[in-house]
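J.:
There are 2 protein chains.
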Amino acid sequence: MTSKKTTSPMPISPLAPKKFAKLPAIAGIEVQAMASGSRYRGRDDLVLLRFSKLTQAAGVFTSSKMPSAAVDLSRAHLVGGKARALVVNAGNANAFTGKAGAKAALDTAKGAAKLLDCKPTDVFIASTGVIGEDLDPAPLLAALKASRGESDWLDMARAIMTTDTFPKVATRQVKFGKHQITLNAIAKGSGMIAPDMATLLAFVFTDAGVPAGLLQKLLSEANTKSLNCVTVDGDTSTSDTCLMFATGDKKLDGAPLRSLEDKRLAPLRGALTDLMQDLAVQVASDGEGVSKLMTIDVTGAETDAAARQIGLAIGNSPLVKTAVAGEDANWGRIVMAIGKSGEAAERDRLSIDIGGVQVARKGRAVAGYDERPVAKHMRGRHVNIRVDVGVQLEAKKKAKGQARIWASDLTHGYIDINADYRS
Amino acid sequence: MTSKKTTSPMPISPLAPKKFAKLPAIAGIEVQAMASGSRYRGRDDLVLLRFSKLTQAAGVFTSSKMPSAAVDLSRAHLVGGKARALVVNAGNANAFTGKAGAKAALDTAKGAAKLLDCKPTDVFIASTGVIGEDLDPAPLLAALKASRGESDWLDMARAIMTTDTFPKVATRQVKFGKHQITLNAIAKGSGMIAPDMATLLAFVFTDAGVPAGLLQKLLSEANTKSLNCVTVDGDTSTSDTCLMFATGDKKLDGAPLRSLEDKRLAPLRGALTDLMQDLAVQVASDGEGVSKLMTIDVTGAETDAAARQIGLAIGNSPLVKTAVAGEDANWGRIVMAIGKSGEAAERDRLSIDIGGVQVARKGRAVAGYDERPVAKHMRGRHVNIRVDVGVQLEAKKKAKGQARIWASDLTHGYIDINADYRS
Chain A
73 MTSKKTTSPM PISPLAPKKF AKLPAIAGIE VQAMASGSRY RGRDDLVLLR FSKLTQAAGV
133 FTSSKMPSAA VDLSRAHLVG GKARALVVNA GNANAFTGKA GAKAALDTAK GAAKLLDCKP
193 TDVFIASTGV IGEDLDPAPL LAALKASRGE SDWLDMARAI MTTDTFPKVA TRQVKFGKHQ
253 ITLNAIAKGS GMIAPDMATL LAFVFTDAGV PAGLLQKLLS EANTKSLNCV TVDGDTSTSD
313 TCLMFATGDK KLDGAPLRSL EDKRLAPLRG ALTDLMQDLA VQVASDGEGV SKLMTIDVTG
373 AETDAAARQI GLAIGNSPLV KTAVAGEDAN WGRIVMAIGK SGEAAERDRL SIDIGGVQVA
433 RKGRAVAGYD ERPVAKHMRG RHVNIRVDVG VQLEAKKKAK GQARIWASDL THGYIDINAD
493 YRS
Chain B
73 MTSKKTTSPM PISPLAPKKF AKLPAIAGIE VQAMASGSRY RGRDDLVLLR FSKLTQAAGV
133 FTSSKMPSAA VDLSRAHLVG GKARALVVNA GNANAFTGKA GAKAALDTAK GAAKLLDCKP
193 TDVFIASTGV IGEDLDPAPL LAALKASRGE SDWLDMARAI MTTDTFPKVA TRQVKFGKHQ
253 ITLNAIAKGS GMIAPDMATL LAFVFTDAGV PAGLLQKLLS EANTKSLNCV TVDGDTSTSD
313 TCLMFATGDK KLDGAPLRSL EDKRLAPLRG ALTDLMQDLA VQVASDGEGV SKLMTIDVTG
373 AETDAAARQI GLAIGNSPLV KTAVAGEDAN WGRIVMAIGK SGEAAERDRL SIDIGGVQVA
433 RKGRAVAGYD ERPVAKHMRG RHVNIRVDVG VQLEAKKKAK GQARIWASDL THGYIDINAD
493 YRS
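Line by line, the protein sequences give chains A and B.
According to my numbering, the first sequence is numbered sequentially starting from 73.
According to my numbering, the second sequence is numbered sequentially starting from 73.
(1) Helix or strand or just coil, what does DSSP make of residue 124 of chain A?
(2) Looking at the strands, I want to know which residues DSSP matches up with residue 251 of chain B.
(3) Tell me which same chain residues have a C-beta within less than 7 Å of the C-beta of residue 106 of chain B, skipping the five on either side of it?
(4) Is the Cβ of residue 382 of chain B closer than 7 Å to any Cβ of chain A?
(5) Runs of 3 residues minimum, wholly inside the region 357–403 of chain B: which ones carry the beta strand (DSSP E) assignment?
(6) Could you pull the start and end residues of the alpha helix (DSSP H) that residue 288 of chain B belongs to?
(7) Taking C-beta to C-beta, are residue 242 of chain B and residue 257 of chain B nearer than 7 Å?
(8) Threshold first: 4 residues or longer. Then list the alpha helix (DSSP H) segments lying entirely within the region 176–244 of chain B, N to C.
(9) Three-state secondary structure (DSSP) at residue 157 of chain A?
(10) Give the interface partners of residue 484 of chain B over in chain A, defined as CB-CB distance under 7 Å, in chain order.
(11) For the region 310–321 of chain B against the region 235–249 of chain B, do three or more pairs of beta-carbon atoms, one drawn from each stretch, fall closer than 8 Å, so that the two count as touching?
(12) Quick one: using the 10 Å Cβ neighbour count with 16 as the cut-off for buried, is residue 454 of chain B buried or exposed?
(13) Determine the DSSP secondary structure at residue 463 of chain A, reduced to helix, strand or coil.
(14) Starting from the beta carbon of residue 394 of chain A, find every residue of chain B whose beta carbon is closer than 7 Å, and list them in chain order.
(15) With a threshold of 16 other CB atoms inside 10 Å of the CB of residue 399 of chain A, please say whether the residue is buried or exposed.
(16) Which whole-angstrom value describes the C-beta separation of residue 210 of chain B and residue 311 of chain B, a residue pair presumed to lie in contact below a C-beta threshold of 8 Å?
(17) In whole angstroms, what is the alpha-carbon distance linking residue 80 of chain B and residue 358 of chain B?
(18) How many angstroms separate the CA atom of residue 364 of chain B from the CA atom of residue 203 of chain B?
(19) Are the C-beta atoms of residue 192 of chain B and some chain A residue less than 7 Å apart?
(20) Is residue 445 of chain B close to chain A, meaning its C-beta is less than 7 Å from at least one C-beta of that chain?
(21) Keeping to the same chain, check which residues put their C-beta closer than 8 Å to that of residue 325 of chain A; ignore five residues upstream and five downstream.
(22) Below 6 Å CB to CB, which residues in the same chain sit around residue 480 of chain A once its five sequence neighbours on both sides are set aside?
(23) With DSSP run on the structure shown, which of helix, strand or coil describes residue 422 of chain A?
(24) Go through its chain and collect everything with a Cβ distance to residue 181 of chain A's Cβ below 7 Å, but skip five positions before and after it.
(25) On the DSSP bridge assignment, give the partners of residue 454 of chain B in chain order.
(26) Would you verify that the beta carbon of residue 91 of chain A is, or is not, closer than 7 Å to some beta carbon of chain B?
(27) Out of curiosity, what's the CA-to-CA distance linking residue 425 of chain B and residue 451 of chain B?
(28) Any idea if residue 335 of chain A is buried or exposed, counting beta-carbon neighbours within 10 angstroms, 16 or more meaning buried?
(29) Counting only the same chain and skipping the five closest in sequence on each side, list residues whose C-beta sits under 8 Å from that of residue 447 of chain B.
(30) Could you give the first and the last residue of the continuous alpha helix (DSSP H) run that contains residue 429 of chain A?
(31) Return no unless some Cβ of chain B is closer than 7 Å to the Cβ of residue 203 of chain A.
(32) For the pair the region 371–384 of chain B and the region 456–464 of chain B, tell me if three or more CB-CB distances fall below 8 Å.
(33) Taking buried to mean at least 16 other C-beta atoms within 10 Å of its own C-beta, is residue 91 of chain A buried or exposed?
(34) For the candidate residues A/411, A/187 and A/274, whose alpha-carbon lies nearest to that of residue 344 of chain A?
(35) At a CB distance below 8 Å, what residues from the region 414–433 of chain A approach chain B? Give them in sequence order.
(36) For a cutoff of 7 Å on Cβ pairs, would you count residue 214 of chain B as touching chain A?
Listed below in structure tokens is the structure:
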């Protein structure tokens, strides 16, 4: 862990990890974090990832109808499925900046391409920070040009922080044929975090040999169960981007990989979801003003997607979030949130558990349940809510849709960050 | 205005009206407010409206999948389109109370029917308050039986308050054929307020002669432009109910009324929307913890419904709401909210005005706009946001969908009410 300070005005989240994972090097990936001086003083705010040869690339982006210029550019460059570099800047989102913004993104890609002697379309860009301010590419390009030496992955995770109070990193190593492969990932995000897209900024790197088409399927699948299951405030950024790069250093023997169901992919597939859920939990744990992390398990829904919507309705409800902040096991508000989700749910078969204690069964309170363990659970940092919405399919079969959602609570700290401090 | 005190722990909203409308009597409607002692001490918490003969009835209810027992009962009783009485209790929502709750609602209706010598299906019930607690009908029935004399309409509006800090009343008088007719309305609601349904509790009364089928169409139309355009916290109650009753004392000459487009209905139709928008503004003005009222006008959307969704995305966004509370003209957050609404919007044709000042045009900031009048506007109690989302139809025709939304801001007061005070 480096000794650099973040510029966040807020104290570090009480849910920050005690120590950060140490990310191993991946052959053929060179990491550089640097200070462009564009917006922040005394900290890195710019990252360059160089791939020594063309890597396979995959990506998922914000569903916002107001995407940033960086999202427009990276989405266009992804068509080729190949990458030589990734440039990420913090402090200015280059969003809602019109034609000037599109030009700034393109100029940055061209400058990086010149430096690396590659095509501009092989450069990916992500930008995070203030919306609606013109981005000047000159200081970014000057910093990229002057940059020397290599940085630690953790430095990179720190360099892309905005209102984050801690850097988010995760790593896994698994079997891939006869090889041991590495998965490294970093992310940033604290406010304007809501799902239904590739939430926030997150980047995943591996040395596994997976072709771009399949890499895209792997990433989309894992994303649905991880970053798309996080919510801080239900507000969706214009800049959300998750990119995955595979250098192909470690290749499988035998027939080419063609399908997600190929058994040789199973360890990577499991590890990728696990890795991205690790990031998801870290992002919710650094939600603006967070005092408690909610883990919401939903079962008995019509489909997994319906379960996800129900979980998000609970995790996004200001009344549920404030009740959790107030350590109040107010399960009536959970009922309300399920009811407003719009998804099928059977009121008179609904069950709710808090901290493992049954508080509601068959559409009403459990008479005389022991409130003490529930109250104790609510006083902790981790609040676990489990609901079964009891949907019955035809032939009296119980529906099996399920999902797990991570959400922060809603505290005075969120108001402090977003109302009392002017941006 | 009576001298009764509310039991709200919070100071009265700074946006409360300086004086309340005086509602005239309507022939054939008798109002009684009373104290059942069920939950609150020292205040009325129960209302009985008696109609001297069968009135025409219309209603819209919560879209929640977890409706209260009162909603279930009133929805069922509405099938007949006739009413002799309305009973409303505050303090217990009789929601998520299973079979016992259904029986409590039915017993209340039966008790009232016995008192009035009518059918139980001619009695409508609405309940508001805590979710998940059994409702004992005995004290309600005892109070109904003991009740004598008539109350003021304002007393009735006070008796149904929960976390409201002021009673909501409105009245209009308009031409109806050769008659002058009266429209009286009361409402309650402060938290758990979100649209896409008949929000909160609201009741409208008139002496006009309009058959139930047409009354339903009138109410649904006005509701879409009024109560369904309010949001406090995006949380949808299990108990939302809006009912309208027409005694038929003032009848039209000539052919029976058959269509909303009948010209004789025009004054009533306009006055009803106006009346219900008055209530809508009052509800947003009493949003939990409110410090400022946002009025959000959306134009250039694909349809009116799309404009409404965009306006609600802005009015529900925690980041927009906290920016308004912080008096920060952070229009980047408005862009974000439009982008996440899911409705069509053209980023590069988007315009935003705040307090009548153009801050963004054609998808970017207006260079060098005068920030002083905007800053001054943000310091006031009323914040007006206007966006044109610039959707183009085929043949380069500009889309005309529009809506107006009313929303409260998000302050420490909201957290105080919902986290710091245990319910």
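Every residue gets a Cβ at the ideal spot worked out from N, C-alpha and C, and that includes glycine.
Given the structure is predicted, the values throughout are model-derived calculations rather than measurements.
T.: The structure says:
(1) Residue 124 of chain A falls in the strand class under three-state DSSP.
(2) Assignment of beta-bridge partners to residue 251 of chain B by DSSP yields B/248.
(3) Once the five neighbours on either side are set aside, the close Cβ partners of residue 106 of chain B are 116, 118, 215 and 219.
(4) Taking Cβ atoms only, chain A never reaches closer than 7 Å to residue 382 of chain B, which makes this a no.
(5) Runs found: 365–373.
(6) Looking at the DSSP string, the run of the alpha helix (DSSP H) that includes residue 288 of chain B is 284–296.
(7) Taking C-beta atoms as the reference points, residue 242 of chain B and residue 257 of chain B count as a pair closer than 7 Å.
(8) List check, alpha helix (DSSP H) in window: 209–218 and 225–231.
(9) In the structure shown, residue 157 of chain A sits in a strand (DSSP, three-state: E or B).
(10) Neighbours of residue 484 of chain B on chain A, chain order: 484 and 487.
(11) The region 310–321 of chain B is not in contact with the region 235–249 of chain B.
(12) Here residue 454 of chain B is exposed, its C-beta having fewer than 16 other C-beta atoms within 10 Å.
(13) Annotated three-state conformation of residue 463 of chain A is coil, per DSSP.
(14) Within chain B, the C-beta atoms nearer than 7 Å to that of residue 394 of chain A come from 487, 490 and 491, in chain order.
(15) Under this definition residue 399 of chain A is a buried residue.
(16) About 21 Å; that fails the 8 Å criterion.
(17) For residue 80 of chain B, the pLDDT reaches just 47, beneath the cut-off of 50, and the residue's location in the model is therefore unreliable, leaving the point undetermined.
(18) Counting only the Cα atoms, residue 203 of chain B lies some 28 Å from residue 364 of chain B.
(19) Not a single CB atom of chain A sits nearer than 7 Å to the CB of residue 192 of chain B.
(20) Not one chain A Cβ lies under 7 Å of residue 445 of chain B.
(21) 249 and 250.
(22) Only 304, 356, 359 and 362 meet the Cβ criterion.
(23) Residue state for residue 422 of chain A is assigned as coil, using DSSP reduced to three classes.
(24) Excluding residues within five positions, the ones whose Cβ falls inside 7 Å are 145, 192, 195 and 197.
(25) Paired residues: B/365.
(26) Residue 91 of chain A has a beta carbon lying at 7 Å or more from every beta carbon in chain B.
(27) Their backbone Cα atoms lie some 16 Å apart in a straight line.
(28) Burial call: exposed.
(29) So the qualifying residues of the chain are 399 and 401.
(30) Not the alpha helix (DSSP H): residue 429 of chain A falls in the beta strand (DSSP E), residues 429–433.
(31) Yes, residue 203 of chain A counts as interfacial toward chain B.
(32) Look at the beta carbons and you see the region 371–384 of chain B touching the region 456–464 of chain B: at least three pairs across the two are nearer than 8 Å.
(33) The C-beta of residue 91 of chain A has fewer than 16 other C-beta atoms within 10 Å across all chains shown, which makes the residue exposed.
(34) For residue 344 of chain A, the nearest C-alpha among the options comes from A/274.
(35) Residues 414, 415, 416, 417, 419, 420, 422 and 432.
(36) Not one chain A Cβ lies under 7 Å of residue 214 of chain B.
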